[in-house]
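Novice:
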Amino acid sequence: MTSHTVRMHVLDGAVVRLEPQVAEHAEGMFAVLSDPAMYEHENEPPPSVEWLNERFRMLESRRSPDGTEHWLNWVVRVPSSELVGYVQATVYESRRADIAYVLNSRYWGKGLATAAVERMISELVSGYDVTTLSAVLKSTNRRSRRLLERLGFSIASEAQCRALEIEPDELLMVRPAVVWSVP
Ligand SMILES: CC(C)(COP(=O)(O)OP(=O)(O)OC[C@H]1O[C@@H](n2cnc3c(N)ncnc32)[C@H](O)[C@@H]1OP(=O)(O)O)[C@@H](O)C(=O)NCCC(=O)NCCS
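Residue numbering for the sequence shown follows the working numbering, starting at 5 and increasing by one per position.
1. I need the straight-line Cα distance from Ser158 to Val140, nearest angstrom please.
2. Use the C-beta contact count for Arg61: other C-beta atoms within 10 angstroms, 16 or more gives buried, fewer gives exposed.
3. Once DSSP output is grouped into helix, strand and coil, what is the label at Ala160?
4. CA-CA distance, Ala163 and Glu31?
5. How many Å lie between Arg147 and Asn47 at the Cα?
6. Applying the 10 Å Cβ sphere with the 16-neighbour rule, what's the burial state of Thr6?
7. Where Asn108 and Pro180 are concerned, what is the direct C-alpha to C-alpha distance, given to the nearest angstrom?
8. Kindly list the residues whose CB is nearer than 7 Å to the CB of Asp133, restricted to its own chain and excluding five residues on each side of it in sequence; keep chain order.
9. Around the C-beta of Arg123, are 16 or more other C-beta atoms found within 10 angstroms, so that it is buried, or is it exposed?
10. Taking the alpha-carbon positions, what's the His13 to Arg150 distance?
11. Out of curiosity, what's the CA-to-CA distance linking Trp78 and His29?
12. Which same chain residues, not among the five before or five after Thr135, have their C-beta less than 6 Å away from its C-beta?
13. Report the residue from Val178, Ser143, Leu152 and Gly156 whose alpha carbon sits nearest the alpha carbon of Glu171.
14. Cβ of Val26 versus every heavy atom of ligand 1: is any distance shorter than 7 Å?
15. Looking only at C-alpha atoms, which of Tyr90, Glu97 and Leu152 sits nearest to Pro24?
16. Do you know offhand how far Asn57's Cα is from Met33's?
17. Going by beta carbon distance, what residues of the same chain come within less than 8 Å of Ser84, once the five residues before and after it are set aside?
18. In angstroms, rounded to a whole number, what distance separates the CA positions of Val88 and Asp70?
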């Protein structure tokens, strides 16, 4: 990992805009993240706007506490300017990025998560020299698995799962960051 701090950018895509997440997003994001459908497989809604504000403030450092990992979070907007969710990546010194994505269920089924994750991946490659992508999901999370398959991810080997200590109820999916297609 490079020791310099990489400045996060607003990332514009055809159907979504990704903004570097800051504490000022907490109020709008609290409503977006208070949808129980989003937590069918894991996690839980934020307990309060104040809690979310504190968490977002902490994440503005863009680094793990020991400084070795980039912790990157972008909120996702649609052109009507509504906030719809977020995407995030942890970039390790090995140049692997572990990604995650969460959208309010009102916006599922429209390809918005695919567009947002694709835009983030292109930034991870060009801005952070990422060479490998990974995602850990609950085995029951079929929507998440479909999204990853659409983006060219496949199930990791048993050795990769062991190395990353994947739990029995989880799946590890991986992809080279740059996919070369032969014309
Ligand atoms: C995982 C999650 C982000 C997937 O959202 P999604 O809306 O299903 O994903 P996409 O934005 O890629 O949309 C795909 C759907 O849109 C449809 N679609 C419409 N236009 C599309 C387009 N241009 N491109 C791709 N898909 C499109 C696809 O056919 C697909 O439909 P389907 O659900 O009937 O199969 C969402 O379910 C979520 O936030 N879940 C809760 C949090 C979570 O579990 N996160 C993952 C933790 S590992």
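Don't be surprised by glycine CBs; every beta carbon is placed ideally from N, CA and C. Please read these numbers as outputs of a predicted model, since none were measured by experiment.
Specialist: From the atom records:
1. Looking up residue 158 in the sequence shown gives position 154. Looking up residue 140 in the sequence shown gives position 136. Ser158 and Val140: Cα-Cα distance of roughly 12 Å.
2. Start at 1 with the first residue of the sequence shown, and residue 61 comes out as number 57. Its Cβ having fewer than 16 others within 10 Å, Arg61 is exposed.
3. For the purposes of this step, residue 160 is taken as residue 156 along the sequence shown, with counting starting at 1. Three-state DSSP puts Ala160 in coil, outside helix and strand.
4. To locate residue 163, count along the sequence shown from 1; it is residue 159. To locate residue 31, count along the sequence shown from 1; it is residue 27. Within the model, the alpha-carbon separation for Ala163 versus Glu31 is close to 42 Å.
5. Locating residue 147 in the sequence shown gives position 143, where the first residue counts as 1. Locating residue 47 in the sequence shown gives position 43, where the first residue counts as 1. Taking C-alpha positions only, Arg147 is separated from Asn47 by approximately 16 Å.
6. Your numbering for residue 6 matches position 2 in the sequence shown. Since pLDDT at Thr6 reaches only 46, below the 50 mark, its modelled position is unreliable, and the value read off the structure follows with that caveat. So Thr6 counts as exposed.
7. Numbered from its first residue, the sequence shown carries residue 108 at position 104. Numbered from its first residue, the sequence shown carries residue 180 at position 176. Distance between the alpha carbons of Asn108 and Pro180 is about 28 Å.
8. If you number the sequence shown from 1, residue 133 lands on position 129. Once the five neighbours on either side are set aside, the close Cβ partners of Asp133 are Arg99.
9. Taking the sequence shown and counting its residues from 1, the one referred to as residue 123 is at position 119. Per the 10 Å Cβ criterion, buried.
10. The count along the sequence shown starts at 1 and reaches residue 13 at position 9. The count along the sequence shown starts at 1 and reaches residue 150 at position 146. Rounded to the nearest angstrom, the gap between the Cα atoms of His13 and Arg150 is 28 Å.
11. In the sequence shown, residue 78 corresponds to position 74, counting from 1. In the sequence shown, residue 29 corresponds to position 25, counting from 1. When the Cα atoms are used, Trp78 and His29 turn out to be separated by approximately 10 Å.
12. Your numbering for residue 135 matches position 131 in the sequence shown. Counting only Cβ-Cβ distances below 6 Å, and skipping sequence neighbours, we find Arg99 and Ala181.
13. On the sequence shown, position 167 is the one that residue 171 refers to. Looking only at Val178, Ser143, Leu152 and Gly156, the smallest Cα-Cα distance to Glu171 is reached by Ser143.
14. Here residue 26 corresponds to residue number 22 of the sequence shown, with the count starting at 1. Answer for Val26: no, Cβ out of range of ligand 1.
15. Within the sequence shown, residue 24 is the residue found at index 20, counting from 1. Nearest option by C-alpha distance: Tyr90.
16. Against the sequence shown, residue 57 aligns to sequence position 53. Against the sequence shown, residue 33 aligns to sequence position 29. Distance between the alpha carbons of Asn57 and Met33 is about 10 Å.
17. Taking the sequence shown and counting its residues from 1, one reaches residue 84 at position 80. For Ser84, there are no CB contacts under 8 Å within the same chain when 5 residues up- and downstream are skipped.
18. For this step, residue 88 is matched to residue 84 along the sequence shown. For this step, residue 70 is matched to residue 66 along the sequence shown. Here the C-alpha atom of Val88 lies approximately 31 Å from the C-alpha atom of Asp70.
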